[in-house]
Each structure stands twice: as C-alpha cells, then as structure tokens.
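J.: Residues -17 to -1, 1 to 278 in mature numbering (1 follows the signal peptide of the UniProt record, and there is no 0) are what the sequence shown lists, from first letter to last.
Ideal Cβ positions, reconstructed from N, Cα and C, are used throughout, including at glycine.
Next up is a structure, given as structure tokens.
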Amino acid sequence: MGILTLTLFLMVQYLPAQISAAAEPPELAIFRKAYPDVIFESAWNDGIGDWRIRITVPGQPARTTELCWAGGRFLPAAQLANRDSYWGLLYPYAEKLPDPADFTPEEIARIRGFSSDENRRTGAGSPPFFFDALYDSASQDSLEKHIITVTFLGKRVRVHQRLEAPLKRADERITALARTDSGVQTFINELTQIDGYFWREIRDTSRRSFHSLGLAIDILPAGYGNKIIYWSWQKDRDPENWMLTPLSQRWMPPDPVIAIFEDEGFIWGGKWSIWDNMHFEYHPELIIYRDYNKE
C-alpha cells in the first residue's frame, strides 16, 4: 500500500466529518496521527490560493492558531512570500544509519555545501510556526509555563510537558532491557548527564534550537567513550573530510536504545548528514512519515 492510499485511509479516521477527505492535503493525516489530541481543520482560501489550517491544542484555555499549508511548511500568511526560506516539516528520516564508506563524490560535495558556514547562516531552515502553535513556544515566557523536570535513566532533565509520557515509556523500556542486555546497562552506567531545555539558537544560525522548545535531549557519556560524538567538533579538526569519519570512530547509543526512542516518536541526530550522536528530538510525525514511505 502506497503513502497516498495510507494517508487517505487515515484521514477518513481522523478528519472532522465536515471536511472533505479527498480535497485537503493528504499529509495532514500524518500530523493528526502524530498528535491525536490536537484538532486540525482545513479550509481552502481563494484569497491566498492555499489551504488555511486551523490548529487547536487542548488546555485551559485551549489555544487556536491559523496557518497556511504552504507545501507542508505551516506558515503565517505574512510569511508566504518567504516560503523558500523554510523547509517542509515532513522530510525523509533514515531507516538505516548512513555509512560514509558508501558516500559518492556527489554526496560528499552536497554535505560540504550543506554544512558550510554560509549555508548555515543564510540557507533555508525549519519553520517554527507549527511548533510555536503546538508547544506555546513563540516566546520564552509563554514556553516556560510548560517546562517540567523529569527523571530519565536516573538523571534529572527539563523538557516540555508533552514529552513526559513518551520519555516515561522510553525510560521504562530501556531500564527493563538493561536487565538482560549488558551493553544497554553499560550505556546507562556510563551516562554523566542528560541535557534538555535551554533557550538558545542553533550554532552558526539565527534559528532556535529544538532544545529551546524543550523537545530535545542530549545524552552525554563519560569521555564520550573516547570517540567522536558531534560533527562540528570533528569539522574543527578536519574541515574537509569530517563527514568521512568512520562509524567505528563515532560514539553511539546501543541500537536497541535508538530503536526504543524511535518507537516512542523521537528521531536520533546520529542519522543526520551533520550528525549529532548525543541528540534525540521529539518528532513523531517524521517517524510516521518514514514508516508510511516504507510501504
């Protein structure tokens, strides 16, 4: 079954009755599945030539935001003229860890360009508007009403309250697995800290990090296992060929730990072309999108 068939099927399950499942962007079904407590309503707007998406997040009071679909970017109408400055929110998240030993010269050149200082300063980036609507994160003051402290793998970490349940499930599953998997137990034992919420911009950019929304955690082992953990630190040492760092020289969580995180809606930064192996980020929509594309 292809992605279009699956998404149309899911829309029948999640769409309000008054909305035409055949007309609106089918990818909206992915967001409804990823955030089942959030109401997504769509209506075509002739004035802007696009779908207006009304997003209602439950709470006391509920919060409602209207954004334009903009090819999956979720932009305010005032930003439609700048749509090329933003990526779509749905993009491929790798099933398997990319191995630099298999990179073609074209892929190496693409990664060099993508990671360049110029591209990171001026290139397109993730639009914040959907996440600001969902997580109440348009300002530091509004967001911090939703930041809580949880215990994860024995460490205290500050995150958005919407991460409390998936992190609790991941903690329980990883802890249970450690009873029978010595590699997972060693991974837990070697953790020195876990960093979460911190209002800041992404390095070398003017865009907020997902740590600024409380949606990301960095898992830090003692001495990084005497391996390399972050692309930019390696780029400082080897500006031309950092992306060819063998997987064997990079610190990584155990595969079963990564799988549990992904099953609970987190993506792992180790699969990015500019890899961040300590980093997990809550994006259930990307896990659902990847799994639909596998069909």
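DSSP on S98, reduced to helix/strand/coil?
T.: DSSP places S98 in coil when its eight states are reduced to three.
J.: Looking at I211 and T191, is the spacing between their C-beta atoms short of 7 Å?
T.: Looking at the sequence provided, one finds Arg at residue 191 rather than Thr. No, the pair does not count as a contact, with Cβ atoms beyond the cut-off.
J.: As an exercise, report each continuous alpha helix (DSSP H) stretch of at least 4 residues that is fully enclosed by the stretch 100 to 133, in chain order.
T.: DSSP runs (the alpha helix (DSSP H)) wholly in the stretch 100 to 133: 100 to 105, 112 to 118, 123 to 127.
J.: What is the residue span of the beta strand (DSSP E) that P204 lies within?
T.: Note, P204: beta strand (DSSP E), 199 to 204.
J.: First and last residue of the beta strand (DSSP E) that includes T48?
T.: Element bounds for T48: 46 to 51.
J.: Using a Cβ-Cβ cut-off of 6 Å (strictly less than) and excluding sequence neighbours within five positions of T175, which residues of its own chain qualify?
T.: Here the set comprises L203, A205.
J.: Looking at the secondary structure, which residues open and close the alpha helix (DSSP H) in which L73 lies?
T.: From DSSP, L73 is part of no alpha helix (DSSP H); its letter is neither H nor E.
J.: Give the range of the alpha helix (DSSP H) segment to which K16 is assigned.
T.: From DSSP, the alpha helix (DSSP H) with K16 extends over 11 to 17.
J.: Which of helix, strand or coil does DSSP assign to W34?
T.: Residue state, collapsed to three classes: strand.
J.: Would you report the Cα separation of T39 and N276, rounded to the nearest angstrom?
T.: Going by the C-alpha atoms only, they are around 27 Å apart.
J.: Can you tell me whether E223 is helix, strand or coil according to DSSP?
T.: Of the three classes helix, strand and coil, the one that applies to E223 here is coil, per DSSP.
J.: By Cβ distance below 7 Å, which residues in the same chain neighbour I31 in space, the five residues on each side in sequence not counted?
T.: Around I31: C51, A60, L63.
J.: Please classify F181 as buried or exposed, where buried requires at least 16 other C-beta atoms within 10 Å of its C-beta.
T.: The residue is exposed, with fewer than 16 neighbouring Cβ atoms inside 10 Å.
J.: Under a Cβ-count criterion, where at least 16 other Cβ atoms within 10 Å of its own Cβ denotes burial, should N209 be classed as buried or exposed?
T.: Exposed, since its Cβ has fewer than 16 Cβ neighbours within 10 Å.
J.: Helix, strand or coil for I171? Go by DSSP, reduced to three states.
T.: Helix at I171.
J.: Closer than 7 Å by C-beta to A153: which residues in its own chain qualify, once you throw out the five before and the five after it? Chain order, please.
T.: So the qualifying residues of the chain are I243, F244, E247.
J.: What I want to know is whether the C-beta of T87 ends up closer than 6 Å to one or more non-hydrogen atoms of the ligand ZN.
T.: With respect to the ligand ZN, the structure shown offers nothing to examine, as it has no ligands at all.
J.: Look up L150 in the DSSP assignment and say whether it is helix, strand or coil.
T.: In the structure shown, L150 sits in a helix (DSSP, three-state: H, G or I).
J.: Out of I250, W251, T228, state which residue places its alpha-carbon closest to the alpha-carbon of I94.
T.: Comparing Cα positions, the closest option is T228.
J.: Given 8 Å as the limit, is there contact between the stretch 63 to 77 and the stretch 249 to 269, that is, 3 or more CB pairs closer than that?
T.: Judged by Cβ distances under 8 Å, the stretch 63 to 77 makes contact with the stretch 249 to 269, as three or more pairs qualify.
J.: Could you pull the DSSP bridge partners for W27 from this structure?
T.: Paired residue(s): W34.
J.: Tell me the rounded alpha-carbon separation between R99 and Q43.
T.: Checking the sequence shown, residue 99 turns out to be Ser, not Arg. In a straight line, the C-alpha of S99 is about 44 Å away from that of Q43.
J.: Look at the alpha carbon of R66 and the alpha carbon of T48, and state the distance between them as a whole number of angstroms.
T.: Answer to the nearest angstrom: the Cα atoms are 18 Å apart.
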